[in-house]
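Residue numbers for the sequence shown, in my numbering: -1 to 638.
First comes the structure, then the notes that go with it.
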Amino acid sequence: MPVEVIAPQQIDLNANNLVKVSKIATASAVIPVVYGNLNQLTPKVRAFVEEHAALCQPDNIHICDGSEGESKILLQKLVESGTIVNLPKYENCWLARTNPADVARVESKTFICTDRKEETIPTPKDGVKGTLGNWISPSDFAKAVADRFPGCMKGRTLYVVPFSMGPVGSPLSKIGIEITDSAYVVASMRIMTRMGAPVLEELKKKEEFVRALHSVGTPASGIIQQASWPCDPERTIILHKPAENLIVSYGSGYGGNSLLGKKCFALRIGSTIAKREGWLAEHMLILGITDPKGVKKYITAAFPSACGKTNLAMLNPSLPGYKVECVGDDIAWMKFDANGILRAINPENGFFGVAPGTSTETNPIAMATVFKNTIFTNVASTSDGGVFWEGMESEIEEGIEITDWLGNKWDKSSGKPAAHPNSRFCTPADQCPIIDPAWEDQKGVPISAILFGGRRPEGVPLIYEANSWAHGVFVGAAMKSESTAAAEHKGKVIMHDPFAMRPFFGYNFGDYCKHWLSMEKRGQVPAIFHVNWFRKSPQGKFMWPGYGENTRVLEYVLRRINGEKCFVDSAIGRIPAENQLNLEGLKCNIDMEELFSLPKEFWTKEAEEIGQYFDSQIGADLPAEVALELEKLKARIAAM
Ligand code: GTP
Ligand code: SPV
Ligand code: MN
């Protein structure tokens, strides 16, 4: 490991001197740089690092270059600390087991800091708790940091992680610097983003970056529950200050809480930048689909967490002659080009995908992607050095023993899942066999349709289309879905999740709707649809086979964007005309009448409830156009 010469003299903290600087002197200690050197950093990055090293008091500093050699050092260190184990069944694959108290995003501990509360969240009705984000005042923000960060990295290494969201140097990309005391985070960021030396080089051209500070924390008692996965769940907090492009995350090492390029940057800070600059940062997959004639279109889809984005993005078409290619599975940055075409990039470099439910039958493409160069977290392991999760039952051989995500021997009779329901794979995107040839195109790909969707067991048909852009914005604003294990919500309750962005808005949702409405004046807006793969029969079974069979729905979308009149109007929007959804060759029987039925009683209640939600949560911040769409919907339902 390259340890630099340690200069004997005190180092001037503010000097941008050209001597090789190998340590940071703080009032009370000297912190050696054990990998990389401070002179690689541009002045603002260096100041950010020095300030926070002085605050957090790590034992030493490591400036990441993203190299293969560095990756090996980090993985070795993670093995030694017991954070990961190797999975010898596969090539360069690892399994991490977290502290059982640190397994998902924590929406309730996530805050946006603005001077005025109304900049962050709409003002709810008197006595109602706002659910469209959490606001924190600048003084409470400062207090939260001061209460947690001083000395929080003692005994650990502070890693400086330079990363680019989007290809390095692309005009649509943005750079971040994450400071973290977790080698697991560094190893994951190397997969999920473009990370390392080229990013520092890029910063020399233009020194503009999002600041991201992360620590797994040290509990106030000083007692770390699990040495292999230090965290501080009781004091976990995820903070954002859009005005300063600043993210501060404390106490959790898991997913969106700690891989700060993802939800914190690409969505929360991203959406505020997008608002300022006139584009959209969305919780959406991006896919390309080519029809049997060779015509290719790109589609984005916003589904809440654990509602099918990765699966749709990697769809294996059931209809002959169709080809689906994947641009991204979680986040889309979309901007109109000079010709008024909406273009999207995937700012990420990897997939942090839900493991359970992924199988050769449901998502063969993901299965072909994840068994090399992957970090699995909280899945179960097998006695032959592999992994297991719910859905893989037919993929493991006879006599193989399973150890669950908690490290205990497991068999089906326990009645408990072997893998945590929010267990995930973290895998490089370029390993996906159907990665789109244009996935790193600097211009982005042209978007022809936007799908909204969620888990709606009742009342909501397989697909309907918005009548207009404003109606589509209403459909997004009215989205609901059954809660999943991706966040801390308990039980299966139907929750509002507008635009699949409820946990990720960086600013007032009323203003977000206005911003969406304004897109119509900026260029050619795509058609908007709502899909629901999750409607259930009275017997509680999914009515639609989903997965690869969702091609049939995409085929219908393609015909619609080509202008085919294959629809009929309904109270809630346009639905496929009779026999217009291609069911040819489908192996199971589908009760189409039931799948597309629109029970008047259900929709009357639904519209009523949406109205109450808008009134109580968004109030005066709701744009008049969206309120009008609800009135029109109510009138159409009344006339059913
Ligand atoms: P995040 O990464 O949390 O944003 O999730 P996601 O939206 O990418 O969801 P993902 O594709 O990982 O799917 C989550 C779960 O839904 C998995 O268990 C899937 O097997 C299941 N799922 C996905 N698509 C379908 C479908 O078409 N039908 C059914 N029944 N289940 C599906
Ligand atoms: C989600 O919850 O939408 C995810 C997983 O994609 S996490 O990165 O943990 O937010
Ligand atoms: Mn997601």
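Think of the CB as a built atom: it goes at the ideal place given N, C-alpha and C, for glycine as much as any other residue.
On a predicted model such as this, the values are computed, not experimentally measured, just so you know.
- Query: Going straight from the alpha carbon of Asn15 to that of Arg44, what length do you get?
  - Reply: Counting from 1 along the sequence shown, the entry for residue 15 is found at position 17. Counting from 1 along the sequence shown, the entry for residue 44 is found at position 46. For Asn15, the predicted model reports a pLDDT of 35, less than 50, meaning its position is unreliable; a value from the coordinates is still stated below. Approximately 12 Å, taken between the alpha carbons.
- Message: Closer than 7 Å to a non-hydrogen atom of ligand 3 - does that hold for the CB of Ser303?
- Response: The residue labelled residue 303 in the question sits at position 305 within the sequence shown. Yes.
- Where in the stretch 526 to 589 do unbroken runs of the alpha helix (DSSP H), each at least 4 residues long, occur, reported from the N-terminal end onward? 549 to 559
- Message: Which residue wins for smallest C-alpha separation from Glu199, given the options Asp63, Met638, Tyr554?
- Response: Here residue 199 refers to the residue found at position 201 when the sequence shown is read from its first residue. Minimum Cα distance to Glu199 is reached at Asp63.
- Would you identify the three-state DSSP class for Met517, choosing helix, strand or coil? Here residue 517 refers to the residue found at position 519 of the sequence shown. Correct three-state label for Met517: helix.
- Query: Which one of Trp133, Ala336, Val529 has the shortest CA to CA distance from Pro574?
  - Reply: Here residue 574 is taken as the residue at index 576 of the sequence shown, counted from 1. It is Val529.
- Message: With DSSP as the reference, identify every bridge partner of Pro444, one or two as the case may be.
- Response: As a first step, residue 444 is located in the sequence shown; it is residue number 446 there, counting from the start. DSSP, once it has assigned bridges, lists Arg341 as partnering Pro444.
- Message: Using C-beta distances below 6 Å, list every residue in its chain close to Phe369, excluding the 5 sequence neighbours before and after it, in chain order.
- Response: Within the sequence shown, the letter at position 371 stands for residue 369. Cβ within range, chain order: Tyr88.
- Does DSSP put Ala622 in a helix, a strand or coil? Counted from its first residue, the sequence shown places residue 622 at position 624. If DSSP states are grouped into helix, strand and coil, Ala622 belongs with the helices.
- Message: Shorter than 7 Å, the distance from the beta carbon of Phe350 to the closest heavy atom of ligand 2, or not?
- Response: Here residue 350 refers to the residue found at position 352 of the sequence shown. Phe350 Cβ: within cutoff of ligand 2.
- Query: What is the DSSP secondary structure of Phe46, counted as helix, strand or coil?
  - Reply: Here residue 46 corresponds to residue number 48 of the sequence shown, with the count starting at 1. Here Phe46 sits in helix by DSSP.
- Message: With the cut-off set at 8 Å, would you say Asn371 and Asn90 are in Cβ contact?
- Response: Here residue 371 is taken as the residue at index 373 of the sequence shown, counted from 1. Here residue 90 is taken as the residue at index 92 of the sequence shown, counted from 1. Yes, the Cβ-Cβ distance between Asn371 and Asn90 is below 8 Å.
- For Ile398, I'd like the list of residues in its chain whose CB is within less than 6 Å of its CB, leaving aside the five on either flank, ordered along the chain. The residue you call residue 398 lines up with position 400 of the sequence shown. Around Ile398: Thr380, Ser381, Asp382.
- Message: Quick check on Ile221: buried or exposed, where buried means 16 or more other Cβ atoms within 10 Å of its Cβ?
- Response: Residue mapping note: residue 221 aligns to position 223 of the sequence shown, counting from 1. Exposed: under 16 other Cβ atoms inside 10 Å.
- Do you know how far the Cα of Val28 is from the Cα of Lys273? Counted from its first residue, the sequence shown places residue 273 at position 275. Counted from its first residue, the sequence shown places residue 28 at position 30. The alpha-carbon atoms of Lys273 and Val28 are separated by roughly 42 Å.
- Return the CA-CA distance between Lys18 and Leu36, expressed in angstroms with no decimal places. Position 20 of the sequence shown, counted from the first residue, corresponds to residue 18. Position 38 of the sequence shown, counted from the first residue, corresponds to residue 36. The predicted model places Lys18 with a pLDDT of 48, which falls under 50 and marks its position as unreliable, so this point remains unresolved.
- Item | Residue nearest to Cys324 in terms of C-alpha spacing, selected from Lys307, Met638, Pro136, Pro56 | Taking the first residue of the sequence shown as position 1, residue 324 is located at position 326. If we check each option's Cα against that of Cys324, Lys307 comes out closest.
- Task: Report all residues from its chain with a CB closer than 8 Å to the CB of Asp589; omit the five preceding and five following residues, and keep chain order.
- Result: Translated into the one-based positions of the sequence shown, residue 589 becomes position 591. Here the set comprises Ser535, Met541.
- Return yes when the C-beta of Ala605 is under 7 Å from any heavy atom of ligand 2, and no when it is not. Taking the first residue of the sequence shown as position 1, residue 605 is located at position 607. Flag unset: Cβ of Ala605 not near ligand 2.
- Query: Comparing the CB of His487 with every heavy atom of ligand 3, is any distance shorter than 7 Å?
  - Reply: If you number the sequence shown from 1, residue 487 lands on position 489. Not so, every heavy atom of ligand 3 lies at least 7 Å from the Cβ.
- Given a cut-off of 8 Å, decide if Ala264 and Met163 are closer than it, judged by their beta-carbon atoms. Translated into positions along the sequence shown, residue 163 becomes position 165. Translated into positions along the sequence shown, residue 264 becomes position 266. Result yes, Cβ atoms of Met163 and Ala264 sit closer than 8 Å.
- Express the C-alpha separation of Phe503 and Leu170 in angstroms, rounding to a whole number. As a working note, residue 170 is residue 172 in the sequence shown. As a working note, residue 503 is residue 505 in the sequence shown. Rounded to whole angstroms, Leu170 to Phe503 spans 20 Å at the Cα level.
- Leaving out five residues on either side along the sequence, give the residues of the same chain with a beta carbon under 8 Å from the beta carbon of Glu395. By one-based count along the sequence shown, residue 395 stands at place 397. Closer than 8 Å at Cβ, skipping near neighbours: Asp382.
- 8 Å Cβ cutoff met for Trp331 and Gly292: Here residue 331 corresponds to residue number 333 of the sequence shown, with the count starting at 1. Here residue 292 corresponds to residue number 294 of the sequence shown, with the count starting at 1. Contact: no.
- Over the uninterrupted beta strand (DSSP E) stretch that includes Ile189, give me the two end residues. Taking the sequence shown and counting its residues from 1, the one referred to as residue 189 is at position 191. Element bounds for Ile189: not the beta strand (DSSP E) but the alpha helix (DSSP H), 181 to 190.
- Item | Close Cβ partners of Val1 (< 7 Å) along its chain, the five nearest in sequence each way excluded | Here residue 1 refers to the residue found at position 3 when the sequence shown is read from its first residue. Any answer about Val1 is weak, because its pLDDT of 37 lies below 50 and its placement is not dependable; what the coordinates show is given next. Only Val32 meet the Cβ criterion.
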